[in-house]
Amino acid sequence: MTFQFNEETFRGDYTYFNSPAAVQRFPFPFDQDSYMYSVNIERHPGGPKGSPFEFAFDVDEHYVAEMKDREITLADDPMRCQSLPHMELAGWDLLELIMVSKARDYPDLFKLTRDGNQWHWINKPLGIDKKFTFLDPTTLPCGPMEYITRQAQGDFALLHEREGNLWLDAGMITSQADWSLDFDVGMNFFEWHAPVPKARKMGVFDKALKFLLAVDQEQSYRRLNWTMTVNPRLDTSPENYHKWGPEKRTITPENVGAKQFLRVELQTFWRLPRSNALAFPIRCYLCCLQDLATVPKWGRRLHRVLRDIDPDLADYKGFAVNQETIVSYLSQFDDGAPTSAGIFPD
């Protein structure tokens, strides 16, 4: 497996880009021409070869650049990574899951050697060669969750189960869609999701929680979530709204194709073996409208979804202020032809 990692930025001059191959494998989230909340959960991993669903943790051309961006965010605000004291064992569980998965799925990039609790981890893209003692935090430069999530794309929440609920008690959150770990840490599942309109009344979260509580160690699942963002910025946190919020007002009919991005989260769920915590990785993918429209099915479908979406959801998803401009731009790619079922290109 050969990788060419992009030299790109997710802030400042925004040099982020998707290769044609990356566009084709983008996890487009709409399987029909309309959208409403649902518990859209399926087994993971497993999916077409080469897709983001093929392996437990997807590694792509953005890996090195995303890890550099995480380092910048953490240097500016260390509170983006937090773990309550009782979650250290869950952090070790997560470290094991990610290291074992990446060494198995990407042997040209990662290698893990284990002799009892004496582990040797090699991360070739980031130039890391580390020997440590599993379950001994003094042998790592930081806590186990922080150590491994500095080397893994996407955000990571660790949920502790108690009182018939799931509690957000640890996380590495630097590419979130307008929510704050520092605010939400210690909240339960319903408190954490309280800002989402309509879904609680529809019973979506009650169904989701019931499902997640039943996940066991032999199972793992995934779902796609989405929002919109102006410019390819990973860090759209409330703490930095003053940086990215005003960018919404920079969209024009002339630049909307290049500056307006569909932001998709590949959310996966894993029951961890020692701690019984639930790991909740949230991998962010970004693709601008003009690149998405190179896939005819997606150009047609995205136009119809965003044209007809509930106004409350347009506001929550972050594009109401630019909806008319976005829909007008996408209309040129909608020839009225029917679209095929599913999310993948024809």
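Residue numbers for the sequence shown follow full-length UniProt numbering, beginning at 1 and rising by one.
Backbone N, C-alpha and C define an ideal beta-carbon position, used for all residues, glycine too.
query: Which residue's Cα is closest to the Cα of G164: M187, Q290, K210 and S38?; result: K210
query: Ignoring anything shorter than 4 residues, give me the alpha helix (DSSP H) runs that lie fully in the segment 58-136, in order along the chain.; result: 63-76 and 88-105
query: Look at the alpha carbon of A314 and the alpha carbon of V264, and state the distance between them as a whole number of angstroms.; result: 15 Å
query: State the DSSP-derived secondary structure class of R274, mapped to helix, strand or coil.; result: coil
query: Please state whether the Cβ-Cβ distance between I148 and L74 is less than 8 Å.; result: no
query: What does the Cβ neighbour count give for Q32, buried or exposed, with the cut at 16 atoms within 10 Å?; result: exposed
query: Taking the straight line between their C-alpha atoms, what separation do you get for L272 and G171?; result: 15 Å
query: Which of the three DSSP states, helix, strand or coil, is assigned to E221?; result: Per the sequence presented here, residue 221 reads as Tyr, with Glu not at that position. In this structure, Y221 counts as strand in the three-state DSSP scheme.
query: Keeping to the same chain, check which residues put their C-beta closer than 7 Å to that of M99; ignore five residues upstream and five downstream.; result: L112, W121 and I148
query: Would you tell me roughly how many angstroms separate the C-alpha atoms of E42 and P85, rounded to the nearest one?; result: 32 Å
query: Taking DSSP's pairing of strands, which residues face M187 in a bridge?; result: Answer is none; M187 lacks a bridge partner.
query: I need the DSSP call for N322, collapsed to helix, strand or coil.; result: helix
query: Taking the alpha-carbon of D60 as reference, which of G46, R80, K102 and F30 has the nearest alpha-carbon?; result: K102
query: Of the residues E54, E239, K259 and T15, which one's Cα is nearest the Cα of K248?; result: K259
query: Output the distance between the C-alpha atoms of P45 and Y106, rounded to the nearest integer angstrom.; result: 14 Å
query: Measure from the alpha carbon of N6 to the alpha carbon of each residue in E66, I72, V23 and N240, then state which is nearest.; result: E66
query: Hey, how far is the Cα of G12 from the Cα of P232?; result: 10 Å
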